[in-house]
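Comments concern the structure below.
In my numbering, the protein residues as written are 25 to 267.
As structure tokens, this is what we get:
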């Protein structure tokens with residue numbers, strides 16, 4: 025099974041977190057959550073929209089920190105897992121889960137303080153439209169990640185159930201410009217692919233992660249190894265004209 029049908033299957037939703045964020049995948053989960061928290065800053069009382077919230081990993085995390093958050097996803101099965109997770113940690117009252125299309129967000133302009141999307145743009149069929157919608161409904165901050173075209177992901181990208189759109193820095197710059205967004209900061213990480221970490225025990229993964237991080241911080245003349253070959257990039261942008 026491929027594409028959207030795969031993503032929306034009940035069994036995929038039930039096993040999504042355990043397959044991706046157990047074993048060495050816990051390192052990925054920790055890093056992604058840290059990236060979100062650092063980019064968004066204090067979230068208490070803020071209105072936040074998460075695009076492609078999936079099983080609610082980030083949605084619940086931010087609600088625990090006082091955010092009033094909407095999680096939007098195309099998969100009813102993923103949203104069911106998200107609601108269960110929110111109930112289990114006692115934050116269901118701070119989250120609204122909606123099934124919907126990120127290309128046509130059902131919200132007025134400037135409705136949210138922050139809009140973000142993790143693990144989304146590599147699946148986006150119309151990234152420019154999605155980015156424009158994210159910018160439209162945000163008063164200020166937009167945060168997202170991408171997988172990169174010069175990364176090791178190139179070697180196995182065609183094997184993935186939903187495929188993967190890999191981006192260059194120039195492509196991301198165009199998406200931001202066309203959506204009326206201004207880049208504030210970017211980070212680049214993980215030379216080794218995510219799939220590698222998921223296959224090995226956490227203790228072993230931590231050792232590889234130390235090597236990965238050291239190599240990512242290396243430079244060859246003016247060439248920054250981590251920026252050039254990183255698997256994933258985190259982008260923080262603001263809406264043009266926002267204070």
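Every residue gets a Cβ at the ideal spot worked out from N, C-alpha and C, and that includes glycine. These numbers were taken from a predicted model, which means no experiment stands behind them.
Exercise for review: On a CA-only basis, which of 190, 126, 225, 222 is nearest residue 254? Give me that one, please.
Suggested key: 190
Check your understanding: residue 102: which of 266, 128, 57, 80 sits nearest, CA to CA?
Key -> 80
**Study point:** residue 115 burial status per 10 Å Cβ neighbour count (16 or more: buried)
**Key:** buried
Review point. Do the stretch 155-166 and the stretch 131-145 touch if we need at least three Cβ pairs shorter than 8 Å?
Key: yes
Point to revise | Coarse secondary structure for residue 154, derived from DSSP in three states | key: helix
Check your understanding: Considering only the beta carbon of each residue, do residue 210 and residue 162 sit closer than 8 Å?
Key -> no
Exercise for review: Establish whether the CB of residue 137 and some CB of chain D are separated by less than 8 Å.
Suggested key: This model lacks chain D altogether; it includes just one protein chain.
Practice item. Output yes or no for whether 8 Å exceeds the beta carbon distance between residue 55 and residue 213. Key: yes
**Study point:** Three-way DSSP call (helix, strand, coil) for residue 86 in this model
**Key:** helix
Check your understanding: So is residue 260 buried or exposed if we call it buried at 16+ other beta carbons inside 10 Å?
Key -> buried
Exercise for review: Select from 122, 204, 82, 72 the residue whose C-alpha is nearest the C-alpha of residue 155.
Suggested key: 204
Review point. How long is the line joining the alpha carbons of residue 252 and residue 237, rounded to whole angstroms?
Key: 14 Å
Check your understanding: How many whole angstroms separate the CB atoms of residue 279 and residue 95, which I take to be in contact at a CB cut-off of 8 Å?
Key -> Because the chain here runs from 25 to 267, residue 279 falls outside it and cannot be looked at.
Review point. Alpha carbon to alpha carbon, how far is residue 234 from residue 171?
Key: 21 Å
Practice item. Kindly indicate which three-state DSSP category residue 79 falls into: helix, strand or coil? Key: coil
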